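Enquirer: Dumping the structure here so I can ask a few things about it.
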Amino acid sequence: MRYSIVVLAAAVSAVYAQDSDDCQATYRKCIAAGTPEVVCSCNLTTCSGEDAARIREYCATATAGLVAATSSATASIVTGTIVQPSGAPQITAPAGSVALGQPCGADEQCGAGVQCFGSTAGTIRACGNFNSECTQDSQCAFNTCNNGLCNGFLPSSAYPAASSASSMASSASGPGATPNVPAVLAPEGSIRLGDQCSDTIQCASGAQCFGSTAGTIRACGNFNAPCTQDSQCAFNTCNNGLCNGFLASSAYPAATATAGGAAPHGNNGTIVAPTGGAANPTGSTRPASPSSSVTPYTGGASVGATFSGFAAVVAGVVAWAL
C-alpha cells in the first residue's frame, strides 16, 4: 500500500514538472514573437494553474487593449511595393505600424489615410512626407494639409526647435550649430536678433535660431526663420509664419540716417548754428565764413576817396565867394 502511494506521488510530480516546462516554453515563444510581456506573463500564470480572482482581474485590465492590436499586427505583414531610391532597401512592416515621418514601403504600412511618399526619385519614402496626399492635418508629418497636399505652413509653435523645453539652467548650447562653426555658448534669451546662435532658447524675444541651408550660419530671427510677429525677424517682416516679408523702405539703414552730420543752411548764405539737443536742434543765424578769394578790409584803401571829397568842398566855397 505504501509503495503504491509513493509511485502515485512520483507520477504526479513528473506530470507537474512536464506541465511547468511546457508553460515556460510557451512563455519563451510568446516573448520571441514580440508579444507584450504582460500578456505572456498572464498566459504563464494561467498555464501554471495560478487562477486567483485578483490575478484574473489584473490580467484582464492590463491586456484588454493589447491582445487585439498584437494579433492584427502579426497577422498582416505588408511587403513594400513602392520603388525606393537607388541603394535604399525595401521596407517590410506590419499594417499601420509605421509612424508619421518614418521610412515606409507601402501606404498600408502607414496609419489610416496616410500616404507613403517621396517627392523625387532620390527621396526616401516616408509616411505623410512633404507633398503627400492628405485630407486632414493629422496625415502630414512635416506640414499642414493644404488643398489635398501636405505642403501648408506649420505654426511656429509646432516646430521642434520652438517646442524644446526651456527648463535648462543658463549657458545653453544646442545641437543646431553649423558644421565647421564652433557651438555658441550663451545664457538663455541673451542673443540679439541677427547674431549667431546654436539653439532657439538662446535667442531673445521668442526668435528662432535658424539657417536656411546646411551651410548657413544659424542666427536669431534669420531669413525664413519661423515667426509669429515682426519683432522676431532680424532682416525681414513676418510673412505667413516665416521671416521673409519685405521691410518698409524707411526701415533700411540708408533711409534712417540722421541730419546731425551737416548743419542746415538758412537764407542769404547764413548757416543755422544748432544749440539744442540732437533730436530737436534750435539756434540763430550767423554770417557764413568768407571764402579765401575775398580780400580782407584793412582801412588803407579809403585815403584817395577822402582827399577827392575835400577838394570838391574847397572848390564849392571859392565859387560861392566870387
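Numbering that gives the first Met the number 0 applies: residue 0 is where the sequence shown begins, and numbers increase by one. Idealized CB from N, CA, C, for every residue including glycine. Every value quoted in this text rests on a predicted model; they were computed, and no experiment measured them.
Using the three-state DSSP reduction, which class does residue 42 fall into: helix, strand or coil?
Expert: Correct three-state label for residue 42: helix.
Enquirer: In three-state DSSP terms, what is residue 201?
Expert: If DSSP states are grouped into helix, strand and coil, residue 201 belongs with the helices.
Enquirer: From residue 136 to residue 22, what distance separates their C-alpha atoms?
Expert: Taking the straight line joining both Cα atoms gives about 47 Å.
Enquirer: Under the DSSP definition of a beta bridge, which residues are partnered with residue 195?
Expert: In DSSP, residue 195 forms a bridge with 218.
Enquirer: In angstroms, rounded to a whole number, what distance separates the CA positions of residue 70 and residue 40?
Expert: Here residue 70 scores only 45 on pLDDT, less than 50, and its place in the model should not be relied on; the value that follows carries that caveat. Rounded to the nearest angstrom, the two C-alpha atoms are 17 Å apart.
Enquirer: Could you check how far apart the C-beta atoms of residue 104 and residue 91 are, in whole angstroms? I think they sit under 8 Å.
Expert: Going by Cβ atoms, the distance from residue 104 to residue 91 rounds to 7 Å, so yes, they are a contact pair.
Enquirer: Quick one, which of 193, 206 and 229 has its alpha-carbon nearest residue 215's?
Expert: The shortest Cα separation from residue 215 among 193, 206 and 229 belongs to 193.
Enquirer: State the Cα-Cα distance for the pair residue 100 and residue 145, rounded to the nearest angstrom.
Expert: Rounded to the nearest angstrom, the two C-alpha atoms are 17 Å apart.
Enquirer: Which same chain residues end up closer than 7 Å to residue 97 when comparing Cβ atoms and leaving out the 5 residues on each side of it in sequence?
Expert: Here the set comprises 103, 108, 109 and 126.
Enquirer: May I ask which residues mark the beginning and end of the beta strand (DSSP E) holding residue 113?
Expert: It is not in any beta strand (DSSP E) - residue 113 carries neither H nor E in the DSSP assignment.
Enquirer: Evaluate residue 82 with the Cβ neighbour count: other Cβ atoms within 10 Å of its Cβ, from every protein chain shown; 16 or more gives buried, anything less gives exposed.
Expert: Residue 82 should be labelled exposed.
Enquirer: Residues in its own chain within less than 6 Å of residue 230 by CB, not counting five upstream and five downstream?
Expert: Closer than 6 Å at the Cβ level, and outside the excluded window around residue 230, lie 204.
Enquirer: Are residue 222 and residue 243 touching if we call contact CB-CB under 8 Å?
Expert: Yes, the Cβ-Cβ distance between residue 222 and residue 243 is below 8 Å.
Enquirer: Rounded to whole angstroms, what's the CA-CA distance from residue 227 to residue 240? Just pull it up for me.
Expert: So the two alpha carbons sit approximately 6 Å from each other.
Enquirer: Could you check whether residue 75 and residue 94 sit closer than 8 Å to each other, using their CB atoms as the reference points?
Expert: Yes; because the gap between Cβ atoms is below 8 Å, this pair is in contact.
Enquirer: According to DSSP, simplified to helix, strand and coil, what is residue 139?
Expert: Residue 139: coil per DSSP, three-state reduction.
Enquirer: If we count the other Cβ atoms within 10 Å of its Cβ and call it buried at 16 or more, is residue 84 buried or exposed?
Expert: Label assigned to residue 84: exposed.
Enquirer: Grab the span of the beta strand (DSSP E) containing residue 91 for me, first residue to last.
Expert: It spans 91–93 - the beta strand (DSSP E) in which residue 91 sits, taken as one unbroken run.
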